[in-house]
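A.B. asks: Questions regarding the structure given below will be posed in turn.
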Amino acid sequence: MPNNKDKSLDTIRKKLEEHEFDFQEQMWEKMEALLDTQDSPIGLVWGKTASFIYALLPALVILTFVSLLPPVDNIPIESSDNGEVIPTRRDHAIKSNQQTFLAVEEKSPLTQGKEIEKEEHSTAAIKEKKLRAESKDAIQVVNNTNPSTSIETESSNSHNPDDNSIISGRTVKALSVLGSQSFLLVSENRYSLPMSPVVSYPGEKKWTKHIGVTGGLALSKDNNPDKLLKRAGFLGLNYKASISSRWSINAGVLYGHTTMNRRIYSYYADTIVTPKRISAFSLEYDVRHIYFLEGTIALQYQIPQTKSGIVVGLSPAYIFNYDIDGHHNTKNSYFPEDKPENIRTIFANNDYGLNKTYLGITIGYSYQFSPSLSFHVNINQGFSDLSNDYFLRKNEKHRNTIVRFGGTYWFF
Amino acid sequence: MQQSKIETKRKNEAEYGAYSPLSDLIQGCILENRMAQKHLYMRFYSQLFGTALRYTRNREEAQEVLNNAFLKIFGSIKTFQTAGSFGAWINKIVIYTSIDYLRKYAKFKDTAPLEYAANITLPNHTIEQMSADEIYELLSALSPTTRAVFSMYAIDGFKHKEIAKILNFSPNTSKWYFAKAKKELQQLIIEQEKN
Chain A
1 MPNNKDKSLD
11 TIRKKLEEHE
21 FDFQEQMWEK
31 MEALLDTQDS
41 PIGLVWGKTA
51 SFIYALLPAL
61 VILTFVSLLP
71 PVDNIPIESS
81 DNGEVIPTRR
91 DHAIKSNQQT
101 FLAVEEKSPL
111 TQGKEIEKEE
121 HSTAAIKEKK
131 LRAESKDAIQ
141 VVNNTNPSTS
151 IETESSNSHN
161 PDDNSIISGR
171 TVKALSVLGS
181 QSFLLVSENR
191 YSLPMSPVVS
201 YPGEKKWTKH
211 IGVTGGLALS
221 KDNNPDKLLK
231 RAGFLGLNYK
241 ASISSRWSIN
251 AGVLYGHTTM
261 NRRIYSYYAD
271 TIVTPKRISA
281 FSLEYDVRHI
291 YFLEGTIALQ
301 YQIPQTKSGI
311 VVGLSPAYIF
321 NYDIDGHHNT
331 KNSYFPEDKP
341 ENIRTIFANN
351 DYGLNKTYLG
361 ITIGYSYQFS
371 PSLSFHVNIN
381 QGFSDLSNDY
391 FLRKNEKHRN
401 TIVRFGGTYW
411 FF
Chain B
1001 MQQSKIETKR
1011 KNEAEYGAYS
1021 PLSDLIQGCI
1031 LENRMAQKHL
1041 YMRFYSQLFG
1051 TALRYTRNRE
1061 EAQEVLNNAF
1071 LKIFGSIKTF
1081 QTAGSFGAWI
1091 NKIVIYTSID
1101 YLRKYAKFKD
1111 TAPLEYAANI
1121 TLPNHTIEQM
1131 SADEIYELLS
1141 ALSPTTRAVF
1151 SMYAIDGFKH
1161 KEIAKILNFS
1171 PNTSKWYFAK
1181 AKKELQQLII
1191 EQEKN
């Protein structure tokens, strides 16, 4: 029942209720098209496929990161009761590397059982040093942060490759620490994680893995009614696994944030002089925070003879709007002869805006300035709306376009 | 194949026509019969389009809201309790859909009004001479929140407390918006009279 005591409002209501709108056949055609889209089996299949990919993507990203961790058999080297070293699977990896190294050493006269001290001063030692420098398999020595597991060998005459002992030959092994677990750095070994950047160039390594931090500026445009172009800073993690000299799989997660400060959206100041004097001031402001979380899994092709690469992949994105509305109201109400009474209210109202989730396609270009630094431009075009609200998803089509300019520092 | 489609259409038309009882149309919509859906759409088009038009800025928006509302209606018609009024139920869906639509560009702010005039009256004699189209035009000149509060309170019979709950602000704010709507409408009517 209407709440009107006002006769004029009753008149408005009656006039509006009595008014007839002619039915238009084209309206039903639009409605029918909407119903057809809803019932379309293709739409349902596509929606399910997109949801499956979307659910799978975070798992893939986690798996690829986990694959970087050293294998479980990378336990620190231990000695048995009788003082012998117990070999591990890692030891075998080291041993195979030792053999490569020893092959180099065999060319040196120093491997014939002479004393180290003497070798240092001999001409043969100089030759050996040259050999070492030329060898790509030279094993790096890095700081050993775990003395208990550190093994730095002295000279030894034993160069038997079948010897299981780690302490054999003129082998230098280095240890590094990832988290709390020590592991050996062995060059040209698939377990290797050299501390120096090793981003692959065309024709170099295969199956190398790299981790980098990325950051930059994102420009986002959506189909909100305000149609604003939003600028946002972003930070993220990138992971790259080179599957061949040209191709690599890239995975990454990005987090971005921007604010749209509408500042004062309402301002009111007035003084009313009646027997009672009232002066009032009201200020309202609005800040909208927009957060986005974007994942990417993509394939990169390194263009031969150049430092440029092309990236194509899938990017799910989640965009979250959060509004803070602040109100600042003051009111002075007093009779001229009285002491002013000040009423002041300040409060903020938080309002959660529309959240959108969609799957996008990413196309990008990357330029490798140096092994540790790359620049990239990516365009993420949303093509499948995966927002929770089925109704909104069908009708709003949240398909943002995000253009990202950023740099990645590859620290592995 | 084509023949069977034509036969189904004829059968549908015979089953659900413009004069079919409402309960039959509802039953047809539950069975997702396209002809029943069309006749239900046609039957309530005028009423619901008017409702949508009161909340939106123009006819295009009203059409969009109406179709979105019908999607919801067809999707949830199974849940309709026959004890209640179907007209009121679908009208409410249109109102809620309109408000959801408004949320995209309007912000229902919990302003703390300092003063508002509660006793503004609109010139009834002028309104009586106005056509419904002119009234719709007047309403479309109001800001989205003001228009929504005015429509909900003055025409759809919501209480300020209910409006406050739906639009997520205090009942006083609702009263303030209603007073603002009346004031703005008064000014618009005076301007029209002058012209």
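Protein chains in written order, with the working numbering: chain A, 1 to 412; chain B, 1001 to 1195. Ideal Cβ positions, reconstructed from N, Cα and C, are used throughout, including at glycine.
1) Tell whether a beta-carbon distance below 7 Å holds between Thr1145 (chain B) and Tyr1096 (chain B).
2) What does the alpha-carbon distance come out to for the pair Leu219 (chain A) and Gly313 (chain A)?
3) Going by C-alpha to C-alpha distance, which of B:Tyr1041, B:Ala1132 and B:Phe1158 sits closest to Met27 (chain A)?
4) Taking Cβ-Cβ distances below 9 Å as the criterion, which residues of the stretch 8-20 of chain A are in contact with chain B?
5) Below 9 Å between beta carbons is the criterion; list the residues of the stretch 1022-1041 of chain B that meet it against any residue of chain A, in chain order.
6) DSSP on Thr214 (chain A), reduced to helix/strand/coil?
7) Can Thr408 (chain A) and Asn250 (chain A) be called in contact, C-beta distance under 7 Å?
8) What are the residues that DSSP puts in a beta bridge with Phe23 (chain A)?
9) Alpha carbon to alpha carbon, what distance is there between Leu293 (chain A) and His1039 (chain B)?
10) What in chain B is Cβ-close to Lys30 (chain A), meaning under 8 Å?
11) By the three-class DSSP mapping on this structure, what secondary structure does Leu293 (chain A) have?
12) Among A:Val213, A:Lys15 and A:Ile297, which residue has its Cα nearest to the Cα of Met1130 (chain B)?
13) Relative to chain A, which residues along the stretch 1122-1142 of chain B have a C-beta separation below 8 Å, given in chain order?
14) Considering just the uninterrupted stretch of the alpha helix (DSSP H) at Ile1090 (chain B), what are its terminal residues?
15) Nearest chain B C-beta to Leu34 (chain A) closer than 7 Å, yes or no?
16) Hey, Ile12 (chain A) and Ile1135 (chain B): beta-carbon distance below 7 Å or not?
17) So is Ser1098 (chain B) in contact with chain A if we call contact Cβ pairs under 7 Å?
18) Which one or two residues does DSSP pair with Trp410 (chain A) in a beta bridge?
19) Tell me whether Leu1022 (chain B) is buried or exposed, calling it buried when 16 or more other Cβ atoms sit within 10 Å of its Cβ.
20) In three-state DSSP terms, what is Leu359 (chain A)?
21) What separation, rounded to the nearest whole angstrom, lies between the Cα atoms of Ile1155 (chain B) and Leu1122 (chain B)?
22) Under the DSSP definition of a beta bridge, which residues are partnered with Asn238 (chain A)?
23) Report yes if the C-beta distance between Gly212 (chain A) and Leu235 (chain A) is below 7 Å; otherwise report no.
24) Considering only the beta carbon of each residue, do Leu217 (chain A) and Phe405 (chain A) sit closer than 7 Å?
25) Cβ atoms of Ser315 (chain A) and Thr362 (chain A): under 7 Å apart, would you say?
26) Using only the alpha-carbon positions, how far apart do Gln302 (chain A) and Arg288 (chain A) sit?
27) Less than 7 Å separating the beta-carbons of Ser8 (chain A) and Asn1124 (chain B)?
28) Measuring only the C-alpha atoms, how far is Thr1126 (chain B) from Val1149 (chain B)?
29) I'd like the span of the alpha helix (DSSP H) that includes Arg246 (chain A), first residue to last.
30) Taking just the CA atoms, how far does Gly1028 (chain B) sit from Ile1077 (chain B)?
31) For a contact meaning CB atoms closer than 7 Å, what does Phe1049 (chain B) contact in chain A?
32) Nearest-angstrom Cα distance between Lys1175 (chain B) and Arg231 (chain A)?
33) Is there a Cβ from chain A that is less than 7 Å from the Cβ of Leu1071 (chain B)?
34) DSSP state of Thr1121 (chain B), grouped into three classes?
35) When the cut-off is 7 Å and only beta carbons count, does Ala1154 (chain B) lie next to chain A?
36) Thinking C-beta only, is Asn1067 (chain B) closer than 7 Å to Lys30 (chain A)?
C.D. replies: The structure says:
1) Not in contact: Thr1145 (chain B) and Tyr1096 (chain B) (Cβ atoms no closer than 7 Å).
2) In a straight line, the C-alpha of Leu219 (chain A) is about 19 Å away from that of Gly313 (chain A).
3) Looking from the CA of Met27 (chain A), the closest CA among B:Tyr1041, B:Ala1132 and B:Phe1158 belongs to B:Tyr1041.
4) Taken in chain order, the members of the stretch 8-20 of chain A whose beta-carbon sits within less than 9 Å of a beta-carbon on chain B are Ser8, Leu9, Asp10, Thr11, Ile12, Arg13, Lys15, Leu16, Glu17, Glu18, His19 and Glu20.
5) The residues in question are Glu1032, Arg1034, Gln1037, Lys1038 and Tyr1041.
6) Looking at Thr214 (chain A) - three-state DSSP - the assignment turns out to be strand.
7) In this structure, Thr408 (chain A) keeps its C-beta atom at 7 Å or more from the C-beta atom of Asn250 (chain A).
8) DSSP lists no partner for Phe23 (chain A).
9) Inter-residue distance for His1039 (chain B) and Leu293 (chain A) is about 45 Å (C-alpha atoms, whole angstroms).
10) The answer, in chain order, is Gln1063 and Asn1067.
11) Note: Leu293 (chain A) maps to strand in three-state DSSP.
12) Scanning A:Val213, A:Lys15 and A:Ile297 for the CA closest to the CA of Met1130 (chain B) turns up A:Lys15.
13) Taking 8 Å as the Cβ-Cβ cut-off against chain A, the residues of the stretch 1122-1142 of chain B that qualify are Leu1122, Pro1123, Asn1124, Ile1127, Glu1128, Met1130, Ser1131, Ala1132, Asp1133, Ile1135 and Tyr1136.
14) Segment Phe1086 to Leu1102, the alpha helix (DSSP H) holding Ile1090 (chain B).
15) For Leu34 (chain A), the closest Cβ of chain B is nearer than 7 Å.
16) Yes.
17) Closer than 7 Å: no.
18) As a beta-bridge residue in DSSP terms, Trp410 (chain A) pairs with A:Gly212.
19) Per the 10 Å Cβ criterion, exposed.
20) Here DSSP, grouped into helix, strand and coil, assigns Leu359 (chain A) to strand.
21) If you draw a straight line from the Cα of Ile1155 (chain B) to the Cα of Leu1122 (chain B), it comes to about 15 Å.
22) Answer by DSSP bridge pairing, in chain order: A:Gly212 and A:Gly252.
23) Contact flag unset, no.
24) Cβ atoms of Leu217 (chain A) and Phe405 (chain A): closer than 7 Å.
25) Annotated as proximal: Thr362 (chain A) and Ser315 (chain A), with beta-carbon spacing under 7 Å.
26) Approximately 40 Å, taken between the alpha carbons.
27) In this structure, Asn1124 (chain B) lies closer than 7 Å to Ser8 (chain A) by Cβ.
28) So the alpha carbons of these two residues sit roughly 22 Å apart.
29) Secondary structure note for Arg246 (chain A): it is in no alpha helix (DSSP H), with a DSSP letter that is neither H nor E.
30) The alpha-carbon atoms of Ile1077 (chain B) and Gly1028 (chain B) are separated by roughly 10 Å.
31) The answer, in chain order, is Phe21.
32) Using only the alpha carbons, I get a separation of about 38 Å.
33) So, interface residue.
34) Looking at Thr1121 (chain B) - three-state DSSP - the assignment turns out to be coil, as it is neither helix nor strand.
35) Answer yes: the Cβ-Cβ gap between Ala1154 (chain B) and chain A drops below 7 Å somewhere.
36) It is a contact, given that the beta carbons lie within the stated cut-off.
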